[in-house]
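Visitor: Here's a structure for you.
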Amino acid sequence: MKVIWSDFASEMLKDIYDYYKEVANETIVRKIKENIFIATRLAD
322 MKVIWSDFAS EMLKDIYDYY KEVANETIVR KIKENIFIAT RLAD
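The working numbering puts the first residue of the sequence shown at 322, with every later residue one more than the last.
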């Protein structure tokens, strides 16, 4: 199975990134983003 990111999903990822960038730090936000991408790759 191939996971395709919709425009909506991409925008939500950006919103998540922006939110955690404000309330956490850059290292945390990068790990969150990386874990989301890892989870989508595991769905393949």
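No residue lacks a Cβ here, since even glycine has one placed at the ideal position from N, Cα and C.
Considering only C-alpha positions, which residue in the set Arg362, Leu363, Ile353 is nearest to Met333?
Guide: Mapped onto the sequence shown, residue 333 falls at position 12. Residue Ile353 is the option with its Cα nearest to Met333.
Visitor: Three-state secondary structure (DSSP) at Ser327?
Guide: Mapped onto the sequence shown, residue 327 falls at position 6. Three-state result, Ser327: coil.
Visitor: With DSSP collapsed to three states, give me the class of Met322.
Guide: The residue you call residue 322 lines up with position 1 of the sequence shown. In the structure shown, Met322 sits in coil (DSSP, three-state: anything other than H, G, I, E or B).
Visitor: Report the rounded CA-to-CA distance for Glu343 versus Ile337, giving the unit in angstroms.
Guide: Here residue 343 refers to the residue found at position 22 of the sequence shown. Here residue 337 refers to the residue found at position 16 of the sequence shown. Cα to Cα, Glu343 sits roughly 10 Å from Ile337.
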